[in-house]
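These notes are about the structure you will find just below.
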Amino acid sequence: MMATTISIMNGPNLNLLGEREPEIYGSTTLAAVEKSCQDFAEILGVDLQFAQSNHEGVLVELSQQARHKSSALIINPAGFSFHSIPILDALKMFSGPIIELHISNVHARDELHRHSILSGEATGVICGLGTYGYTAALQAAVQMIGAMPETLPEPIRIGPA
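In this text, residue positions in the sequence shown follow my numbering: the first is 35, and each later residue adds one.
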């Protein structure tokens, strides 16, 4: 039986998590985020594809590839959130749930960081939870596709009924 795959894509400057503006993004590195996500994916019984690129075209290609191998897509588009029509168009081709993720609360940021053009294509948006938002997004994605392991407690597997 083929395992369910979830893709997590990260946009520009997220490779510098832990160094870049720690007062906004915290001190956790992207490597630590990936390790945490991989560990949680194992608990959830899903395979995880985790990627980061500073290049818009690479994220477009990763999104296109995810159409054929992933059941859900989590994207932290970072600065591309506010202007990338190519990423928006690529997301429109993905048929599964899409969770847009932001480490900071973009709604409380300056005017340039408040309106993501990608949010309208997302199934859900998580922002302001810090790097813990990745864990929340992964759990939500697995729940959305109906792949929660029966071994998990009902409050995690099902949530409020």
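Using N, Cα and C, we set each Cβ at its ideal position, and we do this for glycine too.
Please report the distance separating the alpha-carbon of Leu152 from that of Arg101.
17 Å
Please classify Met145: is it buried, with 16 or more other beta-carbons within 10 angstroms of its beta-carbon, or exposed?
Residue identity check: residue 145 is Glu in the sequence provided, not Met. Answer is exposed; the Cβ neighbour count stays below 16.
Burial state of His89 (16 or more Cβ within 10 Å):
exposed
Leaving out five residues on either side along the sequence, give the residues of the same chain with a beta carbon under 8 Å from the beta carbon of Ala181.
Thr38, Leu78, Gly79, Val80, Ser105
Look up Val80 in the DSSP assignment and say whether it is helix, strand or coil.
coil
For Met35, is the classification buried or exposed, using 16 other Cβ atoms within 10 angstroms of its Cβ as the cut-off for buried?
Reliability of the predicted coordinates at Met35 is poor, the pLDDT of 38 falling under 50, and the value obtained from them is presented with this limitation in mind. Exposed.
Where Met35 falls: helix, strand or coil (DSSP)
Confidence at Met35 is low in this model, with a pLDDT of 38, below 50, so its placement is unreliable and no value can be given for it.
Could you tell me how far apart the beta carbons of Ile42 and Leu82 are, in whole angstroms, since I believe they sit closer than 8 Å?
7 Å
Burial state of Ile119, where buried means 16 or more other Cβ atoms lie within 10 Å:
exposed
What is the DSSP secondary structure of Ile121, reduced to helix, strand or coil?
helix
Sequence-distant residues of the same chain with beta carbon closer than 7 Å to Gly52, five excluded per side
Ser61, Thr62, Thr63
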